[in-house]
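Each remark here refers to the structure printed beneath this line.
Residue numbers (UniProt numbering): 1 to 251.
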């Protein structure tokens, strides 16, 4: 599904290298988690994969199902099946949530040569998915994320994910700002979307999210590279012992 090979990335406006030879492969249907200290480059990785401005790839590659992600514009990456759930979803005043969702869904269907979803069909689908995620109908009528609580913003992102049906979902510290109940609702939404044709890359600081979203593989990232990979027990080790011994062992 997602294959990253020897990726080197620096900030465009500064001569500062952030990613320093990162390699990673997420097969179909798997959930991989990335943990690591602040400043290790976790969010930069998500931004570079989604096509955010401000970063320069100086070496390496990133492909999604064999297609060169780095050669695509952000909207082409989305149409190819990549989705980024933001750590801090932005508010978009003046743009209704339903309008945003329908426009996004139909833009992607059009890009893939599929028939656009009619108003009636869209309403039926979005209402059903919102109900599954325990999203109040009034929330769908409000401007995108405006006045939403932290938990509502994250659930709204999961609703976007459910509507767009991406193949590769990157979640950048989704647990930020969530209380226990909101984390469970968001995690339930993610787990409902797991299947053999969809993969997840979950970036998180805390094991508690991985109590709800069980990863197949956990990676530890430091100084712009993956320094250790293992099973879910690796996240438990981080929770109990911190990163000190792991990073010392990795050199």
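Glycine included, each C-beta is placed from N, C-alpha and C at the ideal position. Keep in mind it's a predicted model, so treat the numbers as computed, not measured.
Using three-state DSSP, classify residue i as helix, strand or coil.
| i | result |
| --- | --- |
| residue 109 | helix |
| residue 158 | helix |
| residue 32 | strand |
| residue 6 | strand |
| residue 207 | helix |
| residue 63 | strand |
| residue 172 | strand |
| residue 118 | coil |
| residue 87 | coil |
| residue 236 | helix |
| residue 221 | strand |
| residue 138 | helix |
| residue 50 | helix |
| residue 127 | helix |
| residue 100 | helix |
| residue 39 | coil |
| residue 195 | strand |
| residue 132 | helix |
| residue 70 | helix |
| residue 153 | helix |
| residue 94 | strand |
| residue 249 | helix |
| residue 45 | helix |
| residue 189 | helix |
| residue 180 | helix |
Quick one: residues in its chain with C-beta nearer than 8 Å to the C-beta of residue i, no 5 flanking neighbours on either side, listed in chain order?
| i | result |
| --- | --- |
| residue 95 | 143, 144 |
| residue 146 | 91, 92, 93 |
| residue 181 | 151 |
| residue 77 | 49, 50, 51, 64, 69 |
| residue 57 | 7, 8, 9, 48, 70 |
| residue 86 | 157, 172 |
| residue 74 | 50, 51, 52 |
Going straight from the alpha carbon of residue i to that of residue j, what length do you get?
| i | j | result |
| --- | --- | --- |
| residue 155 | residue 23 | 30 Å |
| residue 247 | residue 121 | 51 Å |
| residue 126 | residue 245 | 47 Å |
| residue 112 | residue 69 | 16 Å |
| residue 153 | residue 191 | 18 Å |
| residue 228 | residue 165 | 31 Å |
| residue 148 | residue 136 | 12 Å |
| residue 162 | residue 25 | 24 Å |
| residue 179 | residue 131 | 20 Å |
| residue 167 | residue 128 | 21 Å |
| residue 29 | residue 240 | 29 Å |
| residue 66 | residue 82 | 13 Å |
| residue 15 | residue 203 | 25 Å |
| residue 105 | residue 249 | 46 Å |
| residue 89 | residue 97 | 13 Å |
| residue 35 | residue 2 | 18 Å |
Note down, in chain order, each residue of its chain lying with its Cβ closer than 7 Å to the Cβ of residue i, except the 5 sequence neighbours on either side.
| i | result |
| --- | --- |
| residue 264 | The structure shown does not extend to residue 264, since the chain spans only 1 to 251, so no value can be given for it. |
| residue 232 | 210, 214, 215, 218 |
| residue 5 | 23, 60, 61 |
| residue 236 | 207 |
| residue 101 | 126, 160, 163 |
| residue 84 | 46, 50, 170, 172 |
| residue 18 | 9, 10, 11, 41, 44, 224 |
When burial is assigned at 16 or more other CB atoms within 10 Å of the CB, is residue i buried or exposed?
| i | result |
| --- | --- |
| residue 173 | buried |
| residue 118 | exposed |
| residue 110 | exposed |
| residue 41 | buried |
| residue 44 | buried |
| residue 184 | exposed |
Which residues in the same chain have their Cβ closer than 6 Å to the Cβ of residue i, if we skip the five residues on either side of it in sequence?
| i | result |
| --- | --- |
| residue 54 | 12 |
| residue 189 | 133, 158 |
| residue 243 | 37 |
| residue 200 | 31, 169 |
| residue 196 | 29 |
| residue 177 | 150 |
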